[in-house]
Amino acid sequence: HRGPGVFAGGGEVGKKCRAGGGGGTRVGDGMGCGGEARDAESRVEHVAAVVVDASYHLHRERGPGLLESVYETVLARMLEQRGLRVERHKTISFDFHGLHFDEGFRVDLLIDGCCVVELKSIERTAPVHLKQLLTYLRLLHLRLGLLINFGAATFKDGIKRRVNGHHVFAPSRLRVRHALPRAPPDVS
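Our numbering numbers the first residue of the sequence shown as 1455 and each following residue consecutively.
1. Output the distance between the C-alpha atoms of residue 1554 and residue 1502, rounded to the nearest integer angstrom.
2. To the nearest angstrom, how far is the alpha carbon of residue 1606 from that of residue 1578?
3. Using CA coordinates, which residue listed in 1522, 1497, 1532, 1492 is at the minimum distance from residue 1604?
4. Count the other CB atoms within 10 Å of the CB of residue 1616; is the residue buried (16 or more) or exposed (fewer)?
5. Figure out for me which residue from 1565, 1561, 1544, 1550 has the closest Cα to the Cα of residue 1535.
6. Keeping to the same chain, check which residues put their C-beta closer than 6 angstroms to that of residue 1541; ignore five residues upstream and five downstream.
7. Output needed for residue 1574: all residues of its chain with C-beta closer than 6 angstroms, excluding positions within five of it in sequence on either side, in chain order.
8. With H, G and I counted as helix, E and B as strand and the rest as coil, what does DSSP make of residue 1599?
9. Of the residues 1515, 1612, 1593, which one's Cα is nearest the Cα of residue 1548?
10. Leaving aside the five residues before and after residue 1613 along the sequence, list all residues of the same chain whose C-beta is less than 6 angstroms from its C-beta, in chain order.
11. Quick one: which unbroken beta strand (DSSP E) runs of 3-plus residues sit fully inside the segment 1505-1592? Chain order, please.
12. In whole angstroms, what is the alpha-carbon distance linking residue 1595 and residue 1557?
13. Can you tell me the Cα-Cα spacing of residue 1506 and residue 1546, whole angstroms?
14. Measuring only the C-alpha atoms, how far is residue 1532 from residue 1513?
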């Protein structure tokens, strides 16, 4: 018997999860991404649903209050058993103004290359934890992340979803100028 959110697929690895050929592989569950944004969004939502389901069962069966590392280890294994590719403590490297940063940050779990999962086991999360998740999403150019606090009394109180909606907008007059205009030469 498969519980809610458990899908058949047997772990067949094939197509890329994110549109545009970016990281991660997908499970052979009939939800191909095919490079189209709609399919990629559908895949990310499916991955998130599997993560939420597994996390819910872990919280229900083990309860709150264990060390974060215990929840991380068990959740990673549960997700792998459900056919997802899990990267633990993935280092995020990024470039900014021609500078390369190799050791910026580490994501707790990166699921199928398309969903960031940040885990906590504390009484209550602070706004900085959502900022941490959003930072990871922006640096990885991903759309969806989950902040899961296994320290909360109920699972509902411990899970937060964050969507990265950061887009670069068209140039506007309010942008910072790269170079100041030169004054016309004095012709007197």
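By construction, the Cβ of each residue, glycine as well, lies at the ideal position given by its N, Cα and C atoms.
Please read these numbers as outputs of a predicted model, since none were measured by experiment.
Looking at the atomic coordinates:
1. 30 angstroms
2. Looking at the backbone, the Cα of residue 1606 and that of residue 1578 are separated by about 6 angstroms.
3. 1522
4. buried
5. 1565
6. 1564, listed in sequence order.
7. 1603
8. Three-state DSSP puts residue 1599 in a strand.
9. That would be 1593, whose Cα lies nearest to the Cα of residue 1548.
10. Apart from the 5 residues on each side of it in sequence, residue 1613 sits with its Cβ closer than 6 angstroms to the Cβ of 1602 in its chain, given in chain order.
11. 1540-1550, 1553-1565, 1569-1574
12. 17 angstroms
13. Per the coordinates, the alpha-carbon of residue 1506 lies some 23 angstroms from the alpha-carbon of residue 1546.
14. Taking the straight line joining both Cα atoms gives about 12 angstroms.
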